[in-house]
Amino acid sequence: MIGAQSLPPSHGRTQPQQQSTARLLAGPPLADGTESHAAHVARLGPLPGRIDPGALVAEIERSGLLGRGGAAFPAGTKWRAVAGRASGGAVVVANGAEGEPRSHKDRALMAARPHLVIDGGLLAARAVGAGELVLYVGSDHHAAIASMRRALAERRGDALPIRLMEAPARYVAGESSAVVHFLNEGDARPTAVPPRPYVRGVGGRATLVQNVESLAHAALIGRFGAEWYRSAGRDSTPGTALVTVQGADGMAKVAELEYGTTLRELAASLGHDARDHRAVLLGGYFGGWATVDAVVDVPLDPARLTERGLAFGCGLVALLPAGTCGVQATAGVLRYMAGESARQCGPCVFGLGAISAAADRLAERRHAPDDLENLGRWANQVQGRGGCHHPDGAAGLLVSALEVFHAEFRLHQATRRCSADGTIGLAAAASGPGDLAIGRAA
Amino acid sequence: MRAHLGRDLSLAVDRIACDGSGLCAELLPELIELDDWGYPMLTGGPVPDDLMTLARRAVDRCPVLALRLVARQPAARASRPVALPEFVRR
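Those protein sequences? They're chains E and S, same order as listed.
If you read the first sequence in the working numbering, its first letter stands for residue 1, the second for the next number, and so on.
If you read the second sequence in the working numbering, its first letter stands for residue 443, the second for the next number, and so on.
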């Protein structure tokens, strides 16, 4: 039985926090760097020693913990799948690849709280009966790697072998089949599934690939229990989540929010006014754009966002300042997504390439007459047609951009002007002003 | 059209293996279209009885063995259209 063996980390021994919901980020400020093992144990107590694996899986299920890599898949379901394998050994991979270029929450967590991540990985290994824990950390997250190495050197007497592997700095390197592919063959490209990693993964063993933040939450659930975990959360989804907030003046902050907090509140807690921004990219490059007006008071909760066709994803909240061009911002994201294709599947290689090129032409207002129409058609064509979900992510982001920035796209398309700077694109003189308007009037 | 008796079989493409020869769409245009770059788009759902022979032929003739008949329909994402805003639809 897992229970509240000591006080929850947001109370008791810990320092009072500005945010009452701080759990993963309770304790010393992020800027203080890596928390030592001694400080970690003094603050939270040791990892519970004797826990029945079945009870642990059940506790994670009861907690309602969702995967924090982006897909928001229930962690307990995944643990149960690996624990329930027919035969053979298992492996746990703590996934800290964090290939999302604008997300910083995983690297920040690993840099500051490595022992929470390792504790969570060990608990998961115990729950699913794994014989090995692999820490898979993005090779360009230098502070995180240094912190995890130092943490491993500090620990004594952990029950199983732990190895740290550096993930290639590519967007898809954290996709679960790519993780397994890399650990098996040194190639961090997704593979055709099935078999899925939880059936046959690293070294042919059933493999639990779980995001590092999810594991850190699990480390707290293992100490304080599912009921404690569920005591946070203001809407449908229980618990807290790390987010990366970006906005005007280059702000980029990692914060922990209680699920259900609104964008207005989140921005305000960081000293910003959400309404100084026109749109927001939610959930990362697999997420989508929304106008700030539409979402400023919507609970930041996976269930609530999904209802609106949006995603909590990896917790990216990238605010687009007023006066910046949504078409250009979108073209930049699509260029990145096209460049990050693993170049294995035709619809992804050629489709994202064509989408990105057309979006660039529209952004720079040197487009062909059918570029905007093609963007819509291609978004449909690439959807669901990769070995992994990479093209789906790009398509979803594009569709959200076409909705949110429709006036901007039409302005570029029809007049070759950009509302952000008023300039006229290069080809404008040749084709003449106002040569066509497409679709309905604004 | 009746579904195949017994287990319903659907077409599936190994996207990584597929190199876009387009042969499958030539052999089975009823169920397979090509996208703008020559890669197959499946209509999805079980292969009807009257097309099963043709479907098996398309599977057998794929030069890279990327086309398969599978017992369960692949995830719905394979054919779910994206809801586009009105102004980009024609």
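Heads up, the beta-carbon is just placed ideally off N, CA and C, and yes, glycines get one too.
None of the values given here were measured: they were computed from a predicted structure.
- request: Give a yes or no on whether the minimum CB-CB distance between Pro74 of chain E and chain B is below 7 Å.
  value: Protein chains E and S are contained in the structure displayed, whereas chain B is not.
- prompt: Whose Cβ in chain E lies nearer than 8 Å to the Cβ of Gly462 of chain S?
  reply: Gly346
query: Who are the neighbours of Gly457 of chain E on chain S, taking C-beta pairs under 8 Å?
result: Here chain E covers residues 1 to 442 and nothing more, so residue 457 of chain E does not appear.
- request: Using a cut-off of 7 Å between C-beta atoms, extract the partners of Phe350 of chain E located in chain S.
  value: Trp479
field: CA nearest to the CA of Ala331 of chain E, picked from E:Ser341, E:Leu398 and E:Arg385
entry: E:Leu398
query: When Cβ atoms are compared, which residues of the region 188-221 of chain E fall closer than 9 Å to chain S?
result: Arg189, Pro190, Thr191 and Ala192
query: Under 7 Å between C-beta atoms, does Gln381 of chain E make it to chain S?
result: So yes, Gln381 of chain E belongs to the interface.
Other residues of its chain near Asp461 of chain S: CB distance less than 8 Å, five sequence neighbours each side excluded: Exclusion of the five residues before and after Asp461 of chain S leaves Pro505, Val506 and Ala508 as the residues of its chain whose Cβ lies within less than 8 Å of its Cβ.
message: Counting C-beta neighbours from all protein chains within 10 Å, is the total for Leu319 of chain E 16 or more, i.e. buried, or is it exposed?
response: buried
query: With 16 as the cutoff for other CB atoms within 10 Å, does Val512 of chain S come out buried or exposed?
result: exposed
query: Hey, is Thr34 of chain E close to the ligand FAD, as in C-beta under 6 Å from one of its heavy atoms?
result: You won't find the ligand FAD in this model; it holds no ligand whatsoever.
field: Close-in-space but distant-in-sequence residues of the same chain around Trp289 of chain E (CB under 6 Å, 5 per side omitted)
entry: Cβ within range, chain order: Ala279, Leu281, Ser400, Ala401 and Val404.
- prompt: What residues in its chain sit with their C-beta under 8 Å from that of Val243 of chain E, if we drop five residues either side in the sequence?
  reply: Lys105, Val254, Ala255, Glu256, Leu257, Leu266, Leu300, Gly315, Leu316 and Val317
- prompt: Taking the C-alpha atoms as reference points, what is the distance between Gly70 of chain E and Glu175 of chain E?
  reply: 10 Å
- prompt: Relative to the C-alpha of Gly487 of chain S, which residue among S:Leu473, S:Arg499 and S:Asp502 is closest?
  reply: S:Leu473
message: In chain order, what are the residue ranges of uninterrupted alpha helix (DSSP H) at least 4 long that sit wholly in the region 444-493 of chain S?
response: 465-469
task: Report the rounded CA-to-CA distance for Pro28 of chain E versus Glu35 of chain E, giving the unit in angstroms.
output: Approximately 8 Å between the Cα atoms of the pair.
- request: For Met483 of chain S, go through chain E and note every residue whose CB falls closer than 8 Å to its CB, in chain order.
  value: Gln381 and Arg385
- prompt: Taking the alpha-carbon positions, what's the Leu411 of chain E to Leu263 of chain E distance?
  reply: In a straight line, the C-alpha of Leu411 of chain E is about 28 Å away from that of Leu263 of chain E.
- prompt: Can you tell me where the alpha helix (DSSP H) with Gly121 of chain E in it begins and where it stops?
  reply: Element bounds for Gly121 of chain E: Pro114 to Val128.
- prompt: Can you tell me whether DSSP reads Ala513 of chain S as helix, strand or coil?
  reply: coil
- request: Take Leu116 of chain E as the anchor and find which of E:Leu135, E:Gly339 and E:Asp140 has the nearest alpha-carbon.
  value: E:Leu135
message: Given this structure, state the Cα-to-Cα distance separating Ala268 of chain E from Arg43 of chain E, to the nearest angstrom.
response: 29 Å
- prompt: Residues bridged to Gln246 of chain E by DSSP?
  reply: E:Ala252 and E:Ala318
From E:Phe224, E:Gly239, E:Arg223 and E:Gly222, residue whose alpha carbon lies closest to that of Arg230 of chain E: E:Gly239
- prompt: How about Leu164 of chain E and Val92 of chain E: are their beta carbons less than 7 Å apart?
  reply: Cβ atoms of Leu164 of chain E and Val92 of chain E: not closer than 7 Å.
- prompt: Does the count of Cβ pairs from the region 350-360 of chain E and the region 371-388 of chain E closer than 8 Å reach three?
  reply: With a cut-off of 8 Å, the region 371-388 of chain E and the region 350-360 of chain E count as touching, because enough Cβ pairs lie within range.
- request: Within 10 angstroms of the Cβ of Asp435 of chain E, are there 16 or more other Cβ atoms? Answer buried if so, exposed if not.
  value: Residue placement at Asp435 of chain E cannot be trusted, given a pLDDT of 32 that sits under 50; the coordinates are not used to answer.
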